[in-house]
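Here's the structure we're looking at; comments come further down.
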Amino acid sequence: MADRGGERGGERGGERGGFGRGFGRGGRGDRGGRRGGRRGGRQQEEEKWVPVTKLGRLVREGKIHKIEEIYLHSLPVKEHQIIELLVPGLKDEVMKITPVQKQTRAGQRTRFKAFVVVGDCDGHVGLGVKCAKEVATAIRGAIILAKLSVVPVRRGYWGNKIGQPHTVPCKVTGKCGSVTVRMVPAPRGSGIVAARVPKKVLQFAGIEDVFTSSRGSTKTLGNFVKATFDCLMKTYGFLTPEFWDETRYVKTPFQEFTDLLAKPTKGLVIEATVETVEA
Amino acid sequence: MAEEVHLGLPGPWAADYREKADHYTTKIGGVPDWPTGDMGIKPEMLQCSLCGTKLCLVAQVYAPVVKLNIEERIIYVLVCPTPECGPKPQSWKVLRVQKCRNVEQTEGDGDELGQGTGPPSTSVPEEQIDKNKSHDINDDDFDLDALAEALEQAATLASNSKKKNKSKCANAPIERPVLKEKPADLSIPVLPCFYIYYDKEQYRVKVAVGSSSNEFPLDKEMTDTGNYEEEKWDGEKYEYDKAIGADRTFLKFKKRLDAYPEQCFRYSYGGKPLLAATKVQDAGTCRFCGSPRQYELQLMSPLLYFLHEAGKGSSNYGPSNWTWLTLIVYTCSKSCCPSSCGGRPCGCCWGVAEEEITIQEDEAV
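Those protein sequence lines, which keep their order, are chains A and B.
Here the UniProt record's numbering is used: the first residue of the first sequence is 1, the next is one more, and so on.
Here the UniProt record's numbering is used: the first residue of the second sequence is 1, the next is one more, and so on.
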């Protein structure tokens, strides 16, 4: 039993070495670009996915076609494969890998914290943060967490409602730690006026023009990027006159796809028609 | 983490869902194989406590305990097949069937089976990365079946059907019609049946700090590219995993599931269960001897998925309404003999004890 553990440690080391080298290469050469090089391998894993939750089973069977149906009912997404299936154009990028240290009796223990942002540049963005003992594990874990936290981003117009929405619908502000980020609608052609780090998140979200203003200790870039993400999450939480109409309730996917009238529905449900007006 | 965990992985489907095996077989669904013809089980033990329908078998696990020298011990997990009762915890029942410990000579060849601290696990070279292998190796089932046959002198009917080589793929579950008009059996619905083979869980060995420091110089290059030196990501501390829809416990649960995505149940006598939610109910004490109950095995969500896939298209199908994440079974820590023979060496009586089962639900539904 002991030697089996040893050889497993050996092969693990080899595998990790390869993985780490691969990431190092990609990082040096491809600083600003999108990193989506592992798509081929992923296809196979998706087919082997055995769903754990009821929502996962419904998605696997193809009963849910768009991720908006999940957002409509605020259902918690617990499996990242759901997002992979429903949002196909998702790209990911590692924003930063930073070592975090802990003082122990035997010296310092270093772990790596990875920040990954995923998005399809068209209204869906997710942010994942993971600490792990190895870089590769941290990156892999952060990608999964980022996919689990994909949220819809509402876009609107600055002035004339011509063409597609390009900016945030109203002034929104997000906070994390001491950092507050405020996003203000901007006219077309302004571009994203923000620091380099939150600009990446906004690009992945699909926002084309926005003015931002930040406050607090933005040196703590971890909090800065989380504050930006929090701000984006709030775009759909803002009640504007388009939503003043009475809501018409729709059945949740669990109710719709069950044979018998089981448990009563939980919570409110808002119809999705307003989304099509805006976008 | 220190104890070994045995995983029940799906093997071949049964040719006929109502075929009989012997009580040494571990299987999902089908008809329960009681060790002797009449067990003397009270009829209300086999009925749903809510609606009175006869319970059907979900899992039958042959579980000897070598430490206590008990070889003849089987655990049956039963559920009410009606769709209304399925989601409710009171419609599930766990029975532990065990032979008196005082038996000495009659089942002497039972020793061959107990070769470890758990159910017999065949020695398949375990490379858990390449899970495709486990599908193709059907020799595991042959070994298990061969052993079972060697022990039982009376060859059962199942031996013929088990030899049919139907490998089970998770991608394309084979749809089988549930035969309900078998003349020999009762007309209760029976869940789709497949057999189980065992594997030990190899949880990834934690890496020593040394190897991660190899990656650190690479990492430095990656992070210190010229333009961005003024950005210091200061003040970062260790952060626990967090997602909008899932908490830390569930993320850990999912991580271990992803290592073996087809595990149907986890077996670890006296070990720690893998929880999907932090709320755990108290297991209580054994009804016969009063000793505290301990964790023995838990059924996992992939089992539900396989049953669901196999039953697609049949109406009024129980598993379509199940929404549990895991079902945890607690049994008597002393594995007491539940029969009423008073300790005399009789060598014939089988005792049946009801044990505790707790459900961890998917609370989103």
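Beta carbons: idealized from backbone N, C-alpha and C, even for Gly.
These numbers come from a predicted model, not from an experiment.
* Going along chain B in order, which residues have a C-beta closer than 9 angstroms to the C-beta of Lys219/A? -> Glu231, Lys232, Trp233, Asp234 and Gly235
* So what's Val59/A in DSSP terms, helix, strand or just coil? -> helix
* Asked: Between which two residues does the beta strand (DSSP E) carrying Asp199/B extend?
  -> Phe194 to Lys200
* Can you name the residues of chain B whose CB is closer than 8 angstroms to the CB of Lys66/A? -> Ordered by position in chain B, no residue passes the 8 angstroms Cβ test against Lys66/A, which lies about 17 angstroms from the chain.
* So is Leu50/B in contact with chain A if we call contact Cβ pairs under 9 angstroms? -> no
* Asked: Ile28/B CB to nearest chain A CB: under 9 angstroms?
  -> no
* **Cβ-based burial, Ser162/A [other Cβ within 10 Å; buried from 16]** => Here residue 162/A is Ile; the residue named in the question, Ser, does not match the sequence. It is exposed - the Cβ of Ile162/A has fewer than 16 other Cβ atoms within 10 Å.
* To do: Would you list the residues sitting across from His124/A in a DSSP beta bridge?
  => Pro152/A
* Asked: What are the residues that DSSP puts in a beta bridge with Lys175/A?
  -> Thr180/A
* Asked: Given that a residue counts as buried once 16 or more other Cβ atoms are within 10 Å of its Cβ, and exposed if not, what is Ala106/A?
  -> exposed
* Asked: Which of helix, strand or coil does DSSP assign to Tyr24/B?
  -> coil
* To the nearest angstrom, how far is it from the Cα of Arg109/A to the Cα of Pro99/A? -> 10 angstroms
* Inter-residue spacing [alpha-carbon to alpha-carbon] between Trp233/B and Glu69/A -> If you take the alpha carbons of Trp233/B and Glu69/A, they lie about 37 angstroms apart.
* What span of residues does the beta strand (DSSP E) with Glu7/B cover, start to end? -> The displayed chain sequence assigns Leu, not Glu, to residue 7/B. That run of the beta strand (DSSP E) goes His6 to Trp13.
* Is the beta carbon of Gly156/A sitting closer than 9 angstroms to the one on Thr167/A? -> yes
* **Straight-line Cα distance separating Pro81/B from Gly301/B** => Here the sequence assigns Ser to residue 301/B, which means Gly is not the residue at that position. CA-CA distance, Ser301/B to Pro81/B, rounds to 18 angstroms.
* Asked: Is Cys131/A helix, strand or coil by DSSP?
  -> If DSSP states are grouped into helix, strand and coil, Cys131/A belongs with the strands.
* Asked: Looking at Val135/A and Cys127/A, is the spacing between their C-beta atoms short of 9 angstroms?
  -> Correcting the residue identity first, residue 127/A is Leu in this sequence and not Cys. The answer is no: Cβ separation not under 9 angstroms.
* Asked: The beta strand (DSSP E) with Gln360/B in it runs from where to where?
  -> For Gln360/B, the enclosing beta strand (DSSP E) covers residues Trp350 to Glu361.
* Backbone CA spacing between Val193/A and Lys199/A [nearest angstrom] -> 8 angstroms
* **Neighbour-count burial assignment, residue 293/A, 16 or more Cβ in a 10 Å radius** => One cannot answer for residue 293/A here, as it falls past the ends of chain A, which runs 1 to 279.
* To do: Please check if any C-beta of chain A sits within less than 9 angstroms of the C-beta of Gly11/B.
  => Residue-level contact by beta carbon fails for Gly11/B and chain A, as no gap is shorter than 9 angstroms.
* Asked: Taking C-alpha atoms, which residue in Lys147/A, Pro165/A and Phe115/A lies nearest to Ala243/B?
  -> Lys147/A
* DSSP-derived helix/strand/coil call for Ile64/A -> coil
* To do: Measure the alpha-carbon distance for Gly123/A versus Leu72/A and round it to whole angstroms.
  => 15 angstroms
* Could you name the residues of the segment 264-296 of chain B whose beta carbon sits closer than 7 angstroms to any beta carbon of chain A, in the order they occur along the chain? => none
* **Under 9 angstroms between C-beta atoms of Leu78/B and Leu50/B** => Not a contact, by the Cβ cut-off of 9 angstroms.
* To do: Rounded to whole angstroms, what's the CA-CA distance from Val116/A to Pro319/B? Just pull it up for me.
  => 38 angstroms
* Sorted by chain position, which residues of the same chain lie with C-beta nearer than 6 angstroms to Ile74/B's C-beta, five sequence neighbours on each side aside? -> Hits under 6 angstroms: His23, Tyr62 and Val97.
* Under 9 angstroms, do Gln255/A and Cys121/A count as touching if we go by C-beta distance? -> no
* To do: Please report the Cβ distance between Thr285/B and Ile328/B, rounded to the nearest whole angstrom; I am assuming they are in contact, meaning their Cβ atoms lie under 8 angstroms.
  => Going by Cβ atoms, the distance from Thr285/B to Ile328/B rounds to 16 angstroms, so no, they are not a contact pair.
* To do: Would you give the residue range spanned by the beta strand (DSSP E) that Gly119/A belongs to?
  => For Gly119/A, the enclosing beta strand (DSSP E) stretches over residues Gly107 to Gly119.
* Asked: How is Ile162/A classed by DSSP in three states: helix, strand or coil?
  -> coil
* How would you list, in chain order, the residues of chain A whose beta-carbon sits under 7 angstroms from the beta-carbon of Ser301/B? -> Val52
* To do: Have a look at Trp350/B, Leu7/B and Lys54/B and flag the residue whose alpha-carbon is nearest the alpha-carbon of Gly37/B.
  => Trp350/B
* Cα separation between Val58/B and Tyr203/B? -> Computed Cα separation, rounded: 27 angstroms.
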